[in-house]
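Peer 1: Here's a structure for you.
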Amino acid sequence: MNIIFNPQKLLLSDRFKQRIQTKFDQGLGKLLKNYQEDLKVASLAIEKVTRSGYEIKFDMNLPGCPINIRDTHRVLMDGVIR
């Protein structure tokens, strides 16, 4: 699966990006095993919000099944994994 990172108002290290990529590959890889690799493209936008922590947006357009998730969490990695 290919994830396009779009951080806003923060910098993500390569190690952190790799960790996120691994978590998504483990979790969504099981569910999306019937799809071709070129269809498994997602965008992950992370924005630092002053009062509520981090706003996380995950978008993935699969044929017949678009996935759009929005969440706000105080701890970045917990919000991404959840």
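Position in the sequence shown (first residue = 1) + 2 = this note's numbering. We put the beta carbon where it would ideally sit given N, CA and C, even for glycine. This structure is a prediction, so every number in the text was calculated from the model and none was measured.
(1) Which residues in the same chain as LEU34 place their Cβ atom closer than 8 angstroms to its Cβ, once the five residues preceding and following it in sequence are excluded?
(2) Would you mind reading off the limits of the alpha helix (DSSP H) that contains GLN38?
(3) Rounded C-beta distance between SER45 and ILE83? I'm assuming under 8 angstroms.
(4) How many Å lie between ASN8 and GLY66 at the Cα?
(5) Can you check which of these residues, VAL77, ASP61, LEU78, is closest to ASN70 by C-alpha distance?
(6) Taking the continuous alpha helix (DSSP H) assigned at LEU78, which residues delimit it?
(7) For the putative contact between ILE48 and GLN10, defined by C-beta atoms under 8 angstroms, what is the C-beta separation to the nearest angstrom?
(8) Quick one: Cα of PHE26 to Cα of THR74, how far?
(9) Where DSSP assigns a beta bridge to LYS50, which residues make up the other side?
Peer 2: Taking the structure as given:
(1) MET3, LYS42, LEU64
(2) Run containing GLN38: none; DSSP gives neither H nor E here.
(3) Their Cβ separation, rounded to whole angstroms, is 17 angstroms, which puts SER45 and ILE83 out of contact at 8 angstroms.
(4) 25 angstroms
(5) ASP61
(6) 78 to 83
(7) 7 angstroms
(8) 18 angstroms
(9) TYR56
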